[in-house]
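Please read the structure below before turning to the comments.
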Amino acid sequence: MTQETLAEAPYLDVAAPTFSIRSQAVLDAREASWYARTNYGIAVLRYDDVMKLLRHPKLRQGSYRWPELSDVHGGLFARWWGAMLLSQEGETHSRLRRMANPAFSPKLITELRPKFQALANKLIDGFAAKGECDFIAEFTEPYATGVICDLLGLPFETWRELADIAAEMGLALGVTFKQDLATVEAATARLLKYAEDLVALKRANPSDDFVGMLVQANADKSQLSDQELLDMIVLAIFGGIDTTRNQLGLAMATFIEHPEQWALLAEQPDLARAAVEEVMRVRPTVTWVTREATEDFTYNDLPIKAGTTIHLFSQSATSDPAVFPEPGFDITAERKPHFGFGGGAHHCLGHFIARGDMTEALKLLAQRLKNPRFNGEVKWLADSGNTGAITLPIAFDPA
Amino acid sequence: MKVDVDMSICLLHGQCVIAAPEVFSFDDDGGLVWVAEVDEAQRADVEAAADACPEQAILLG
Numbered sequence: 001m002t003q004e005t006l007a008e009a010p011y012l013d014v015a016a017p018t019f020s021i022r023s024q025a026v027l028d029a030r031e032a033s034w035y036a037r038t039n040y041g042i043a044v045l046r047y048d049d050v051m052k053l054l055r056h057p058k059l060r061q062g063s064y065r066w067p068e069l070s071d072v073h074g075g076l077f078a079r080w081w082g083a084m085l086l087s088q089e090g091e092t093h094s095r096l097r098r099m100a101n102p103a104f105s106p107k108l109i110t111e112l113r114p115k116f117q118a119l120a121n122k123l124i125d126g127f128a129a130k131g132e133c134d135f136i137a138e139f140t141e142p143y144a145t146g147v148i149c150d151l152l153g154l155p156f157e158t159w160r161e162l163a164d165i166a167a168e169m170g171l172a173l174g175v176t177f178k179q180d181l182a183t184v185e186a187a188t189a190r191l192l193k194y195a196e197d198l199v200a201l202k203r204a205n206p207s208d209d210f211v212g213m214l215v216q217a218n219a220d221k222s223q224l225s226d227q228e229l230l231d232m233i234v235l236a237i238f239g240g241i242d243t244t245r246n247q248l249g250l251a252m253a254t255f256i257e258h259p260e261q262w263a264l265l266a267e268q269p270d271l272a273r274a275a276v277e278e279v280m281r282v283r284p285t286v287t288w289v290t291r292e293a294t295e296d297f298t299y300n301d302l303p304i305k306a307g308t309t310i311h312l313f314s315q316s317a318t319s320d321p322a323v324f325p326e327p328g329f330d331i332t333a334e335r336k337p338h339f340g341f342g343g344g345a346h347h348c349l350g351h352f353i354a355r356g357d358m359t360e361a362l363k364l365l366a367q368r369l370k371n372p373r374f375n376g377e378v379k380w381l382a383d384s385g386n387t388g389a390i391t392l393p394i395a396f397d398p399a
Numbered sequence: 400m401k402v403d404v405d406m407s408i409c410l411l412h413g414q415c416v417i418a419a420p421e422v423f424s425f426d427d428d429g430g431l432v433w434v435a436e437v438d439e440a441q442r443a444d445v446e447a448a449a450d451a452c453p454e455q456a457i458l459l460g
């Protein structure tokens with residue numbers, strides 16, 4: 001590639017409600033060029049470039065200015081958003097990440113695995129006999145939120161309230177943030193209060209569970225202040241619910257389109273871990289990752305100015321035929337790593353938990369729900385940004 | 400204690416550089432470099448780095 005300029009590259013209207021990350025326009029753009037121009041800056045389309053730019057030293061996490069761009073200045077949500085781990089860079093980010101790591105250690109997954117299994121079985125018990133369900137309302141949403149309840153030591157019955165708070169707070173990430181501000185602020189206040197109560201409980205009864213570990217990190221307040229502790233708990237709740245709910249829904253939709261793979265998973269439950277990876281490769285809920293240039297630099301002969309927004313299209317990258325010559329969905333195939341958990345300094349902190357809970361869920365679902373099929377209209381979020389099904393009616397043969 | 404990284408699975412996220420900056424670092428070309436033999440005082444940091452590695456590529460001996 002020599003003298004390519006911004007004006008010559010394909011253009012993608014990624015802000016259009018009808019834009020799909022899986023559209024022919026994106027495939028054509030990826031064939032023609034490693035990047036496209038967008039409403040916000042540029043989109044990176046190919047595997048090798050997404051891999052490199054995810055961890056590029058001249059790029060920072062790109063959504064930290066979201067409240068300000070939505071004309072929301074101040075308030076509980078905007079303060080939290082600006083202060084929390086994902087919006088931080090450099091030494092503050094490193095310090096917060098070091099403090100959070102022990103609570104997200106892979107060692108904790110071993111203890112949580114039986115809880116994940118019990119939760120999955122309990123939810124499947126609730127609808128198995130009728131041979132149909134709304135997979136989102138009856139499985140993925142209570143499961144994703146129930147996992148958070150387990151993590152926080154809250155009773156399962158709390159899930160509905162927690163899911164509602166997270167959904168109301170999640171309105172902040174939509175284009176109508178400003179109109180929804182009062183709802184968002186009320187939800188943020190409730191979640192912060194939840195975090196305060198949990199911390200008070202753990203201060204009175206120290207433990208080595210998730211919140212207990214974070215409270216221990218807060219012993220040295222120069223490393224993790226009281227406010228940072230609360231912000232971290234809010235992030236764990238807020239970041240853990242929608243992502244897992246959507247990803248498991250995308251998993252089911254993908255398997256319904258590949259029934260032989262579902263039958264194979266039921267026969268060989270040990271494939272569940274690989275199944276999570278393959279689903280996240282072909283159908284990630286996080287379809288793009290946002291970065292922003294911190295200074296002027298040149299990449300692949302393309303001058304990129306400081307402040308440019310760069311969307312790294314994980315969905316497009318991990319279906320790039322240059323790297324994945326065998327198209328299709330195969331849970332037994334050896335694949336290069338996907339970008340469903342992002343990458344670099346901001347690689348998803350909760351990925352061990354997410355991988356663990358989705359593995360256990362898929363394992364049990366494949367054994368108990370035979371021959372799953374669509375059973376009515378599926379309602380989808382926009383096929384860009386963070387995507388997934390809103391409702392996913394399915395029918396199946398109970399095992 | 401010995402520290403090694405399986406570079407066939409390392410994806411250069413740099414989580415080890417965050418967790419144990421005295422042991423792991425990036426060179427000017429973005430490659431990962433590390434101290435192969437560390438003393439006991441650094442054990443906690445190195446174990447935290449091994450734990451935090453998303454690809455679980457760090458080997459301690």
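Sequences listed follow chains E and A, in order.
Numbered by the working numbering, the letters in the first sequence go through residues 1 to 399 in order.
Numbered by the working numbering, the letters in the second sequence go through residues 400 to 460 in order.
No residue lacks a Cβ here, since even glycine has one placed at the ideal position from N, Cα and C.
Between Arg335 (chain E) and Arg283 (chain E), the CB-CB gap reaches or exceeds 7 Å.
Gln441 (chain A) does not reach chain E, its nearest Cβ partner there being about 14 Å away, counting only Cβ pairs nearer than 9 Å. Put simply, the backbone Cα of Ser314 (chain E) is about 29 Å away from that of Arg79 (chain E). When CB distances to chain A are screened at a threshold of 7 Å, the residues of the region 67 to 98 of chain E falling below it are Ser94, Arg97 and Arg98, in chain order. Around the C-beta of Glu91 (chain E), fewer than 16 other C-beta atoms lie within 10 Å, and the residue is accordingly described as exposed. Using beta-carbon distances, Asn218 (chain E) does not count as an interface residue toward chain A, since no partner is under 7 Å. Scanning chain E for C-beta atoms nearer than 7 Å to the C-beta of Leu411 (chain A) yields Arg55, reported in chain order. Looking at E:Ile353, E:Asn39 and E:Leu108, the one whose alpha-carbon comes closest to that of Gly239 (chain E) is E:Ile353. For Ile417 (chain A), the neighbours in chain E by C-beta distance under 7 Å run, in chain order, Ser94, Arg97, Arg98 and Ala345. The Cβ-Cβ distance between Ile394 (chain E) and Phe135 (chain E) falls below 7 Å. Arg245 (chain E) places its beta carbon less than 7 Å from that of Thr140 (chain E). Straight through space, the alpha carbons of Ala272 (chain E) and His258 (chain E) are spaced by roughly 15 Å. Per DSSP, the unbroken beta strand (DSSP E) holding Ala389 (chain E) starts and ends at Ala389 to Thr391. Unbroken alpha helix (DSSP H) stretches of 4 residues or longer found wholly inside the region 195 to 220 of chain E: 210 to 217, given in chain order. Residue burial is scored here from C-beta neighbours: Val432 (chain A) has fewer than 16 other C-beta atoms within 10 angstroms and is therefore classed as exposed. The C-alpha of Asn218 (chain E) lies about 47 Å from the C-alpha of Tyr11 (chain E). Below the 8 Å Cβ cutoff, chain A contributes Asp450 as neighbours of Lys107 (chain E), in chain order.
When rounded, the separation of the alpha-carbon atoms in Lys52 (chain E) and Leu45 (chain E) is 12 Å.
Pairing Phe297 (chain E) with Asn205 (chain E), the inter-Cα distance amounts to about 51 Å. Close partners of His351 (chain E) in chain A (Cβ separation under 7 Å): Pro453.
Contact between Arg95 (chain E) and Ala418 (chain A) does not hold, since the beta-carbon distance rounds to 11 Å and is not under 8 Å.
Residues Ala78, Phe177, Lys178 and Leu181 of the same chain have their beta carbon placed closer than 7 Å to that of Val72 (chain E), with the five preceding and five following residues left out of the count.
Counting the other CB atoms within 10 Å of its CB gives Gln261 (chain E) a total of 16 or more, which places it among the buried residues. Note: Gln61 (chain E) is bridge-paired with E:Arg291 in the DSSP secondary-structure output. Less than 7 Å separates the beta-carbon of Leu364 (chain E) from that of Ala120 (chain E). Short of 8 Å from the beta carbon of Tyr143 (chain E), and not among the five residues preceding or following it, lie these beta carbons of its own chain, in chain order: Leu119, Ala120, Leu123, Thr244, Arg245, Leu248, Asp357 and Ala361. Listed along chain E, the residues sitting closer than 8 Å to Ala447 (chain A) by beta-carbon distance are Arg98, Asn101 and Pro102. Closest option to Thr309 (chain E), judged by alpha-carbon separation, among E:Gly344, E:Lys193, E:Leu54 and E:Phe19: E:Leu54. Scanning chain A for C-beta atoms nearer than 7 Å to the C-beta of Pro337 (chain E) yields Leu410, reported in chain order. The continuous beta strand (DSSP E) containing Gly41 (chain E) extends over residues Gly41 to Val44.
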